[in-house]
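Taking it in order: structure first as structure tokens, then the write-up.
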Amino acid sequence: MCRRVICCSGLIVTVFFTAQAAGFQALRPGRLPKDLRVRLIPGLQAVFQTVDQGQTHGQDARVDRLPAITVARGGAPTALLSPGPFTVEWTGYLKLRLKGSYQFFLSGQGQVSMEINGIRIWDGAAGDLDRLPAEQIDLVRGYNRLRIRYQSVSSGAAQLRVDWSGGDFVREPMTPQRLFCDSADRTLERGRQIRRGRFLAARLHCFDCHAGLMRLASSGMPELNRRAPDLLAAAGSLSADWVVEWLLDPQRVRNRSSMPRLLHGLPAEPAERQAADLTAYLLAKSPRSLKDEGVAAGSAERGEALFEDRGCIGCHRFTAPGDTDEWDRLSLHFVAAKFKTGTLARFLVAPEQHYAWTAMPNLGLTLSEAIDLEVFLRRSSKGNVAAHAAGEAARGEKLFVSLGCQQCHLTAVQVRPPAVSRVLWKTAGAAANAGCLAPDLPANGVPAFALGEAERMAIATALQVGPQAWLHGVASEFAQRQVQRLRCTTCHQLDGEQSTLGYILDEEAVGGHPPEAIPELTWVGDKLRRDWTRRLLAGQLGYRAREHLRIQMPAFVSRAEWLSRGLAAQHGYGQEPALRIEVDPRKAAIGAQLAAMDTGMSCHRCHPIADRQPQAPFDARSTNLVHVAQRLRPSYYRRWMLNPQRIDPATKMLRFAPDGKRTSLRQYYKGDAMRQFDALWHYLQSLHQPASKEAASP
1 MCRRVICCSG
11 LIVTVFFTAQ
21 AAGFQALRPG
31 RLPKDLRVRL
41 IPGLQAVFQT
51 VDQGQTHGQD
61 ARVDRLPAIT
71 VARGGAPTAL
81 LSPGPFTVEW
91 TGYLKLRLKG
101 SYQFFLSGQG
111 QVSMEINGIR
121 IWDGAAGDLD
131 RLPAEQIDLV
141 RGYNRLRIRY
151 QSVSSGAAQL
161 RVDWSGGDFV
171 REPMTPQRLF
181 CDSADRTLER
191 GRQIRRGRFL
201 AARLHCFDCH
211 AGLMRLASSG
221 MPELNRRAPD
231 LLAAAGSLSA
241 DWVVEWLLDP
251 QRVRNRSSMP
261 RLLHGLPAEP
271 AERQAADLTA
281 YLLAKSPRSL
291 KDEGVAAGSA
301 ERGEALFEDR
311 GCIGCHRFTA
321 PGDTDEWDRL
331 SLHFVAAKFK
341 TGTLARFLVA
351 PEQHYAWTAM
361 PNLGLTLSEA
371 IDLEVFLRRS
381 SKGNVAAHAA
391 GEAARGEKLF
401 VSLGCQQCHL
411 TAVQVRPPAV
421 SRVLWKTAGA
431 AANAGCLAPD
441 LPANGVPAFA
451 LGEAERMAIA
461 TALQVGPQAW
471 LHGVASEFAQ
481 RQVQRLRCTT
491 CHQLDGEQST
501 LGYILDEEAV
511 GGHPPEAIPE
521 LTWVGDKLRR
531 DWTRRLLAGQ
541 LGYRAREHLR
551 IQMPAFVSRA
561 EWLSRGLAAQ
571 HGYGQEPALR
581 IEVDPRKAAI
591 GAQLAAMDTG
601 MSCHRCHPIA
611 DRQPQAPFDA
621 RSTNLVHVAQ
631 RLRPSYYRRW
641 MLNPQRIDPA
651 TKMLRFAPDG
661 KRTSLRQYYK
671 GDAMRQFDAL
681 WHYLQSLHQP
691 ASKEAASP
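The sequence shown: position 100 = 100 (our numbering), numbered continuously.
Structure representation (structure tokens):
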């Protein structure tokens, strides 16, 4: 195995060769034992250690999509380690379809060593990593063993990105679909277990009742800031009989609910009476629901089309909550029984009104659209709840306090009440078999969560770490959790994992529309400017990014800031400078000719430009060029222009420079592709409309 080094004048490079690891010598290069191959999972194992006066300690491990990191000054490198200098070592395999010669590049600051198939490159190189020369190495077909070690600077921000290039592609981030690691590592398994437990503890509001943690710390786990829905404000929209059933057993009327049973220790009759009393109190305190004007005029057919076109069908089903669903969707079997007539439409217009952290996004529906959707949902929802005798609000008010409802649920009093239960980590060793985590139904008055054995053990493992398991918020890990929690891969492909919406539509939809080409999430942190992503997720763009699609990107308002930061951080991007539009008039003029229909690349055939609509068939249309400069990172734009099919094999975008060097438009810069794309970038910047002139979101 050999390697060649591209170096600056005077640079002395030492090459180290090491033997193949024991157990691999009998296999041809690029092969792995079968028992190891079946254990491989996507990503690289990342083992972190904090550094204090030259000594490492405080180890943590997780799986990273890429060998990339960014940590702001004073930030924690992982959710389980304290802020300060650190080291991280990524290990795993880079799987290739063909052998060949590849170059590797670094960006960031710190100290780096890298080893591929036993050959070391950048052996301890330090400082401004962008200034280091590229390293070239021959890789084999199949699995190439990869090890990258990074040490942060002693003070200031930490950052690393590792790029590569090959014979048929220019410099780009390493491809997540080609990176794998061994899932059986014990350190990695423990890190996964702790992370699952800390997320469950936050989602179940454990620290709203249990003392020992400052829940509102700005640097802590963001999910700790969640409050459960404002029942006193929302109850007026709900059917009294449904609320009683919900209080008796949330899992019966809604699968995957985080709401515990609180009346499980009572006989059936007293439990029903207490649930009715609580319901009477909530309804008495809640504002009276608005009239249902207009619902009668709604159309179930239009609502059904919206249910499919807006992607609701990807996350929801109408079968009973206890029924098995191939796609693990949330049941709407009882939705008609839940909402009073007319109130469901108003919920659909603003799902976050009484619950800021709801996983239900804002779909940007008009009231008339929401009414159509309500009519369809009522026609399709077949679940019925039993009638219950009315309760007494006075008794319900006392129960609201004695059962601790105000600990989790938002009320008119905005200040969170103090925790009332014991500090969990003082008895963490026994926590998995007692109280809320008891394997059997706990005693009356102790919440009964619908937890399996694995979930209980995960929470207990996290509690053994102590409060430090929740003290640090790390954006990249937040994004990883929330992409799963919000079911983003229902609509978006990620790291080679196919989205499921197309399959669901094919099996269940009646509209007959073919699946739409929804953008991937794989490169979103490298592709989009962080501030633009934040405004998109918050519903603050003021325009639709892809007007040609039936489906629309919804808003996740409470998560927009952290999610946009996290998606960028997964690619090694941190705080970015404010958008600067710098236009060279001469280049912009040539770029305008390059974009034109008669003299250039005919961009307007598929892309709208401001108010001018494209001429291509509807399924070939794309984004408005007015917004390109504020959306895209320039590095991504150049890669896209050189070879769009490498990034998205299904794109209808033309490849204007098949050889990666020249286009057929020889009248501009003698066909030099990069100079032409640079001129086009200046033209696109000249189209930019400042954010202050954009319309505010409704």
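No residue lacks a Cβ here, since even glycine has one placed at the ideal position from N, Cα and C.
Being a predicted model, the structure only gives us computed values, none of them experimental.
- For the options Gly166, Pro287, Ala296, the alpha carbon positioned closest to that of Arg379 is the one of Ala296.
- At the C-beta level, Asp241 and Ala387 come within 8 Å of one another.
- For Phe376, the uninterrupted alpha helix (DSSP H) segment begins and ends at 367-380.
- According to the DSSP assignment, Ala126 belongs to no alpha helix (DSSP H) but to the beta strand (DSSP E) extending over 119-128.
- Under the 8 Å Cβ criterion, the stretch 526-544 does not count as touching the stretch 195-213, having fewer than three qualifying pairs.
- Residue pairing for Pro176: DSSP places it in no beta bridge.
- In this structure, the beta-carbon distance from Leu579 to Gln630 falls below 8 Å.
- Cβ-Cβ distances below 6 Å link Ser622 to Cys606, His607 in the same chain, with the five nearest sequence neighbours on each side left out; the list follows chain order.
- In the structure shown, Met114 adopts extended strand secondary structure according to DSSP, grouped into three states.
- For the 8 Å CB-CB criterion, Leu399 and Asp277 form a contact.
- With three or more CB-CB distances shorter than 8 Å, the stretch 49-66 counts as touching the stretch 182-192.
- In the structure shown, Gln493 adopts coil according to DSSP, grouped into three states.
- Listed in chain order, the alpha helix (DSSP H) elements of length 4 or more contained wholly in the stretch 25-51 are 34-37.
- For Ser165, the uninterrupted beta strand (DSSP E) run begins and ends at 158-166, by DSSP.
- Under the three-state reduction of DSSP, Gly142 is assigned to strand.
- Annotated three-state conformation of Asn384 is coil, per DSSP.
- Residue environment for Lys382: exposed (fewer than 16 other C-beta atoms within 10 angstroms of its C-beta).
- Tyr93 carries a strand assignment under DSSP once its states are collapsed to helix, strand and coil.
- Secondary structure of Ala469 (DSSP, three-state): helix.
- Note on geometry: alpha-carbon atoms of Ala479 and Ser686 lie some 33 Å from one another.
- Listed in chain order, the non-local C-beta contacts of Leu441 below 7 Å within the same chain comprise His264, Ala448, local neighbours out to five positions each way being set aside.
- One Cα belongs to Cys603, the other to Ala596, and the distance between them is close to 7 Å.
- With a threshold of 16 other beta carbon atoms within 10 Å, Pro634 falls short and is exposed.
- Across the set Gly364, Phe104, Trp246, Leu680, the C-alpha of Leu680 shows the shortest separation from the C-alpha of Ala588.
- Per DSSP, reduced to three states, the secondary structure at Phe105 is strand.
- Three or more Cβ pairs drawn from the stretch 368-377 and the stretch 294-310 lie within less than 8 Å of each other, which places the two stretches in contact.
- In this structure Gly84 does not touch Asp130 by the C-beta definition: roughly 24 Å separates them, more than the 8 Å allowed.
- Rounded to whole angstroms, the Cβ separation of Ala419 and Ala211 is 4 Å, and the two are in contact under 8 Å.
- Within the DSSP secondary-structure output, Tyr355 pairs in no beta bridge.
- If you ignore the 5 residues before and after Cys491, its C-beta comes within less than 6 Å of the C-beta of Gly311, Ser499, Leu501, Ile518, all in its own chain and listed in chain order.
- The DSSP-derived three-state label of His682 is helix.
- Taking the CA atoms as reference points, Gln493 sits about 22 Å from Val628.
- In terms of Cβ geometry, Ala76 and Val465 do not form a close pair [threshold 8 Å].
- In this structure, DSSP gives Ser402 a helical state, which the three-state scheme calls helix.
- In this structure, Leu146 keeps its C-beta atom at 8 Å or more from the C-beta atom of Lys99.
- The beta-carbon separation of Gly525 and Gln570, rounded to 5 Å, stays under the 8 Å limit for a contact.
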